[in-house]
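In the working numbering, the protein residues as written are 1163 to 1552.
Put into structure tokens, the structure is as follows:
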């Protein structure tokens, strides 16, 4: 990541440094694009310094949702159409009424296979999709019930993309987003990038937690005897991310590898011009980004009990997770990462720490996003005052 600290956004760099002073061996990356310009790119700590890449967990879902958004823009996907329109087998066991929008906003109730699945299915989304298609929903449909599909959301998006394009989601991401932007964000990491990869570190508050394989929470994380990989079972998220097998497959739910600057760049380019990257207009038109970022569901999550809101694959801001405006679209990740676009502020935001920071009333990523918005408002006010005095 290049180092950039502009005057108006220097307080963000200072806030990140202050956060690093609170915790031994804290390391993180933060990047901000405003009005298509890179105004901040800063890292603290040694672990994620220089050209480091690391797993971004469910921030991957946001990148995958951008692929779906492009296909909506192409006219290949209608969020209001039945998922079975594109994937007929999905209609099995009463799921034919579910729209694409309902499925991709975590309302389908196909959280996973009871008891978990082995690695040959977990990392083969085409096979996993067959299992999900044949399942009934675990809750009554049509009642706006929301439950976070931690792993299977990626499978659902991958199968939808496969059905309408004949390509893998990660191939479309590479062709239409990563490669044109020259972004250091990969769904499916090339082994040649392995020297740049930095392990996700154990969580700051590592707490043993029981996941009943037959509960909603257990289904959502493929609970069995840990995550079954070819190298043997692993028992938590950071170990799963650090498996080269997982990173190279690049599950659309949690397997992408990136740095913060590339995440901010991708989101900035999703809605507007980014001249530094050769982008003269947003990848998505205003009609498209407003459509795919519209909130589709809000309520207490069936798997966690937390209040959640989702759009078409994107996580929306809530009072609990106040990362952006009503127009913002993006996603956070299990390592406390956060990446999003906020057209209201002309903002592309990327934040990646080296570890999950544990339970906090307000996460570091959200605090930094709030400060970013405040600084943009101050910048706009100064520009307005200067214009009125001219």
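Note that beta-carbon positions come from the ideal geometry of N, C-alpha and C, so glycine has one too.
Buried versus exposed call for residue i [16 or more other C-beta atoms within 10 Å across all chains shown]
i: residue 1268; result: buried
i: residue 1236; result: exposed
i: residue 1183; result: exposed
i: residue 1281; result: buried
i: residue 1387; result: Note that residue 1387 has pLDDT 46, beneath the 50 cutoff, so the model's placement of it is unreliable and no number is given.
i: residue 1524; result: exposed
i: residue 1291; result: buried
i: residue 1518; result: buried
i: residue 1482; result: exposed
i: residue 1442; result: exposed
i: residue 1176; result: exposed
Backbone secondary structure at residue i - three-state DSSP
i: residue 1185; result: coil
i: residue 1515; result: strand
i: residue 1480; result: coil
i: residue 1210; result: coil
i: residue 1470; result: strand
i: residue 1376; result: coil
i: residue 1268; result: coil
i: residue 1244; result: strand
i: residue 1253; result: helix
i: residue 1216; result: strand
i: residue 1205; result: strand
i: residue 1429; result: helix
i: residue 1383; result: coil
i: residue 1310; result: coil
i: residue 1537; result: helix
i: residue 1521; result: coil
i: residue 1549; result: helix
Limits of the unbroken alpha helix (DSSP H) element including residue i
i: residue 1283; result: 1281–1284
i: residue 1449; result: 1448–1454
i: residue 1287; result: 1287–1296
i: residue 1332; result: 1331–1335
i: residue 1409; result: 1406–1411
In DSSP terms, what residue i is bridged to
i: residue 1199; result: 1196
i: residue 1509; result: 1196, 1504
i: residue 1436; result: 1441
i: residue 1419; result: 1217, 1348
i: residue 1227; result: DSSP, once it has assigned bridges, lists no residue as partnering residue 1227.
i: residue 1400; result: Paired residues: none, contrary to the question.
i: residue 1461; result: 1470
i: residue 1191; result: 1205, 1514
i: residue 1166; result: 1203
i: residue 1359; result: 1215
For residue i, the first and last residue of its enclosing beta strand (DSSP E)
i: residue 1171; result: Here residue 1171 belongs to no beta strand (DSSP E), and DSSP marks it neither H nor E.
i: residue 1501; result: 1500–1504
i: residue 1491; result: 1491–1494
i: residue 1258; result: Residue 1258 -> no beta strand (DSSP E), and no H or E assigned at all.
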